[in-house]
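S.K.: The numbers in our numbering rise by one with no breaks, and the one at position 65 of the sequence shown is 120.
Glycine included, each C-beta is placed from N, C-alpha and C at the ideal position.
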Amino acid sequence: MKRIDPNVLLAITTLFAVALLVMSATIFGPADPPWRYVATAAVVTVVFLVLQPFVPRFMKMKKGPLVIAEAPSSAVWAAIYPGLIILAAALPPLFPGVSFGLAVVIAAVFLGSTIESAIMSLRKA
56 MKRIDPNVLL
66 AITTLFAVAL
76 LVMSATIFGP
86 ADPPWRYVAT
96 AAVVTVVFLV
106 LQPFVPRFMK
116 MKKGPLVIAE
126 APSSAVWAAI
136 YPGLIILAAA
146 LPPLFPGVSF
156 GLAVVIAAVF
166 LGSTIESAIM
176 SLRKA
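1. For ALA158, write down the residues that DSSP places opposite it in a beta bridge.
2. Applying the criterion that 16 or more other CB atoms from any shown protein chain within 10 Å of the CB defines a buried residue, is PRO89 buried or exposed?
3. Buried or exposed: LEU157, going by 16 or more other Cβ atoms within 10 Å of its Cβ?
4. So the alpha helix (DSSP H) PRO147 belongs to, where does it begin and stop?
5. Which residues in the same chain have their Cβ closer than 6 Å to the Cβ of PRO120, if we skip the five residues on either side of it in sequence?
6. Report back the beta-carbon spacing between VAL153 and THR95 to the nearest angstrom; my notes put them in contact at under 8 Å.
7. What's the call for PRO137, buried or exposed, on a 16-neighbour Cβ count within 10 Å?
8. Would you identify the three-state DSSP class for ALA124, choosing helix, strand or coil?
9. Which class does GLY119 belong to by DSSP, given the choice of helix, strand or coil?
10. Does the separation of the CB atoms of PHE155 and LEU104 fall below 9 Å?
11. Judging by CA-CA distance, which residue of LEU149, VAL164, LYS179 is the nearest neighbour of SER79?
12. Under three-state DSSP, which class holds PHE103?
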């Protein structure tokens with residue numbers, strides 16, 4: 056039986072954490088259109104993924120997956136992404152009526168980063 060790649064699991068976990076944040080911000084946020092945070096997260100993630108092929112060439116850097124087999128502790132460090140997003144999802148009930156658009160944008164960038172890592176990991180395999 057083939058195991059699932061840890062980077063794919065990280066991307067799925069981050070996706071669920073972003074969904075939790077979007078739901079929490081939509082329910083407890085200001086009385087804006089309910090699709091506002093969904094659209095923000097989707098657009099930021101797609102734009103991040105579209106721009107990523109150009110960034111390493113522009114910045115002259117080498118990128119790799121977030122979780123690598125040679126460093127098992129990298130999985131623990133990569134788990135910080137969904138953990139921070141889940142902590143951000145706990146804030147809207149504490150501060151109802153406040154806009155959490157910036158938190159959604161940051162979470163979408165984290166999601167794009169983990170999706171990019173999963174794509175890189177699957178291409179190497």
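M.R.: By the coordinates alone:
1. Answer by DSSP bridge pairing: none, since ALA158 is not bridged.
2. exposed
3. exposed
4. 146-149
5. ASN62, SER172, MET175, SER176
6. With a Cβ gap of about 15 Å, VAL153 and THR95 do not count as contacting.
7. buried
8. coil
9. coil
10. no
11. LEU149
12. helix
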